[in-house]
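In case it helps, the numbering used here puts the sequence shown at residues 8 to 368. No residue lacks a Cβ here, since even glycine has one placed at the ideal position from N, Cα and C. Nothing here was measured: the structure is a model prediction, and the numbers come from that model. Working notes, beginning with the structure itself.
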Amino acid sequence: MDIMCVTLVLFRLSGPSRSGHKMLYMKPRLVERFAMGKLDSKREREGESGVSMESPFKADILKGKVALLTGGGSGIGYEISTQLGKHGASIAIMGRRKNVLDSAVSGLRSLGIQAIGLEGDVRNRDDAVRVLESTIKHFGKLDILVNAAAGNFLVPAEDLSPNGFRTVIDIDSVGTFTMCHEALKYLKRGGPGQDSSRGGIIINISATLHYTATWYQIHVSAAKAAVDSITRSLALEWGTDYDIRVNGIAPGPIEDTAGVSKLAPDDMLKEMEHVPLYKMGEKWDIAMAALYLVSDAGSYEISSELLMFEGKYINGTTLVVDGGLWLSRPRHLPKEAVKQLSRVVEMRSRNAPVGIPKSKL
Numbered sequence: 008m009d010i011m012c013v014t015l016v017l018f019r020l021s022g023p024s025r026s027g028h029k030m031l032y033m034k035p036r037l038v039e040r041f042a043m044g045k046l047d048s049k050r051e052r053e054g055e056s057g058v059s060m061e062s063p064f065k066a067d068i069l070k071g072k073v074a075l076l077t078g079g080g081s082g083i084g085y086e087i088s089t090q091l092g093k094h095g096a097s098i099a100i101m102g103r104r105k106n107v108l109d110s111a112v113s114g115l116r117s118l119g120i121q122a123i124g125l126e127g128d129v130r131n132r133d134d135a136v137r138v139l140e141s142t143i144k145h146f147g148k149l150d151i152l153v154n155a156a157a158g159n160f161l162v163p164a165e166d167l168s169p170n171g172f173r174t175v176i177d178i179d180s181v182g183t184f185t186m187c188h189e190a191l192k193y194l195k196r197g198g199p200g201q202d203s204s205r206g207g208i209i210i211n212i213s214a215t216l217h218y219t220a221t222w223y224q225i226h227v228s229a230a231k232a233a234v235d236s237i238t239r240s241l242a243l244e245w246g247t248d249y250d251i252r253v254n255g256i257a258p259g260p261i262e263d264t265a266g267v268s269k270l271a272p273d274d275m276l277k278e279m280e281h282v283p284l285y286k287m288g289e290k291w292d293i294a295m296a297a298l299y300l301v302s303d304a305g306s307y308e309i310s311s312e313l314l315m316f317e318g319k320y321i322n323g324t325t326l327v328v329d330g331g332l333w334l335s336r337p338r339h340l341p342k343e344a345v346k347q348l349s350r351v352v353e354m355r356s357r358n359a360p361v362g363i364p365k366s367k368l
């Protein structure tokens, strides 16, 4: 389940817009279909106009690379798998559900991507070891590890059992560390199939829930706070000792994901006014962020000028891709009311007797 999407579904609008009505980004028909879980999947990479969004990166930017993704068979994880594969990487997907793995691998192969599915639970160290060994046996090396496996459910803190809390911690936090720990010998500089002068790359999928506080998400907030700490600590230690780059991605509300369609009541989906960009993101957005972080350099042309992107000097950073949502707060006063108040304060200041402080503060 794509837990990062819960940031949106818990966000409640505190008041109406200036017109007295709720403001919507999506057309009413799309809102209704989205609430029913029937939003057209092709919108993952298409805008309202239906025009396909093209990747800004060279198609072969990951040629010869091998990536292992936990939770890579569905949702955001699958889109990351797809985009890494479309840009040249061979893909190994780890997951608990064989039917999901089979479907994902079939989809990737239909795009001409070399892909395998490996059953396993990130909470089980033996599974982690076996999946990594199978990846190396099949592809000969490992360049990229993406930890996208996660679990989530909405629950008030007083109703959350210690076992429920522990389950999410085990999947998100312990699972992330376990995969990183067991992958070290393959990712470090000079590992199997690795260049002797550089190591591999780890991407940990996080969230913004713990940046402030999120209703009914104490378990996930704690788990993702730990993931961010893991990202920074490994970036420091393994970046120094093994030349491994470790970064994170914190998605915001993402269309057409289980985190929204299964956890969001219909009315919450309509309350988009306080999302700064007035829209939800797409899985494609997160995949492009991942592609940027795992690439050495990508390029595209604008007006015959070649623009270069490089992610190879980024380490220990969690890239927030949420449209600015976690920064947003309800606008308690309309902008015009604030401007009028400011003018009144300014007039009082100008008319104040000499010697009286005029600061608005």
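Looking at the DSSP output, V153 shares a beta bridge with L76 and I210.
I123 sits close to H145, with the two beta carbons spaced by under 8 Å. Looking at E86, G147, S141 and D134, the one whose alpha-carbon comes closest to that of K72 is G147.
Under DSSP, the beta-bridge partners assigned to M101 are T77 and L125.
In terms of Cα proximity to R137, the closest of T183, A190, F184 and S88 is A190. In this chain, V162 is not harboured by any beta strand (DSSP E), its DSSP state being neither H nor E.
In this structure, H94 sits away from L300, with a CB-CB distance that is not shorter than 8 Å.
The residue among E61, G82, I209 and S62 with its C-alpha nearest the C-alpha of P258 is G82. For the options W291, T325, D250 and G331, the alpha carbon positioned closest to that of E61 is the one of W291.
In this structure I225 is in contact with A164, their Cβ atoms being roughly 5 Å apart against a cut-off of 8 Å. In the structure shown, G331 falls within a coil segment according to DSSP collapsed to helix, strand and coil.
The segment 189-208 makes contact with the segment 235-250, as at least three CB pairs between them are under 8 Å. The segment 318-330 makes contact with the segment 225-241: 3 or more CB pairs, one atom from each, lie closer than 8 Å.
For M101, the CB contacts under 6 Å within the same chain, skipping 5 residues up- and downstream, are T77, L125, G127 and V138 in chain order. In the three-state reduction of the DSSP assignment, R196 falls in the coil class, being assigned neither a helical nor a strand state.
Of the candidates V107, I151, Y85 and S113, the residue whose Cα lies closest to the Cα of L69 is I151. Excluding the 5 residues flanking it on each side, R205 has same chain C-beta neighbours closer than 8 Å at R196 and D250, in chain order. Apart from the 5 residues on each side of it in sequence, G255 sits with its Cβ closer than 8 Å to the Cβ of I210, N211, I212, S213, V234, D235, T238, T324, T325 and L326 in its chain, given in chain order. Where P258 is concerned, there is no enclosing alpha helix (DSSP H), although the beta strand (DSSP E) around it starts and stops at R252 to P258.
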